[in-house]
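Numbering (our numbering), first residue to last: 1219 to 1334.
Each residue gets a CB set at the ideal place from its N, CA and C atoms; glycine is no exception.
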Amino acid sequence: MFVSLAVVTVFMSALLLVSAGAKSLRTRHITEQMSTLGVPQSMMAFLIGAQIAGAAGVIAGLWWGPVGIAAAIGLALYFAGAVAFHLRVGDRKGASPAVVLTMASVALVVLRAATF
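Put into structure tokens, the structure is as follows:
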């Protein structure tokens, strides 16, 4: 079970760091998407920080379970919010990856709790 947790953790952390990097570069695609979703540019630093903190938290959670569970819950809430923002503007296609990442975050909670 711990191997599954480690694989999902590494995958999720890598994905979060790549996403945070893309947001920090403020590429045209990211800027347009955030504008469409109604996310102000002033929130970008917060979103980047949340993704980096989430990645660090789930990695640290491999050694200290409560931190991993807290980080995974935070990520589930983060991505559930992303789903809500996409659906609010009728972007079902954009909501799909956020749904998958919400489910992966919930899986991290369950896997970490099961490996205590």
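**Message:** Taking 8 Å as the threshold (C-beta atoms), are A1331 and I1287 in contact?
**Reply:** yes
**Prompt:** What does a CB cutoff of less than 8 Å around A1271 pick up in its chain, not counting 5 residues either side in sequence?
**Reply:** A1289, G1292
**Prompt:** Looking at C-alpha atoms only, which residue of V1327, F1220, A1302, L1243 is the closest neighbour of L1255?
**Reply:** A1302
**Item:** F1229 - DSSP class collapsed to helix/strand/coil
**Value:** helix
**Prompt:** Roughly how many angstroms lie between the CA atoms of L1265 and A1238, to the nearest whole one?
**Reply:** 8 Å
**Request:** Evaluate V1307 with the Cβ neighbour count: other Cβ atoms within 10 Å of its Cβ, from every protein chain shown; 16 or more gives buried, anything less gives exposed.
**Result:** exposed
**Request:** Have a look at L1319 and S1260 and give me their C-alpha separation to the nearest angstrom.
**Result:** 24 Å
**Asked** Is the CB-CB distance between M1230 and A1322 below 8 Å?
**Response** yes
**Message:** Restricting to Cα atoms, I'd like to know which of A1313, W1281, Q1251 is closest to F1334.
**Reply:** W1281
**Request:** Determine the extent of the alpha helix (DSSP H) in which S1323 is found, giving its start and end residues.
**Result:** 1310-1332
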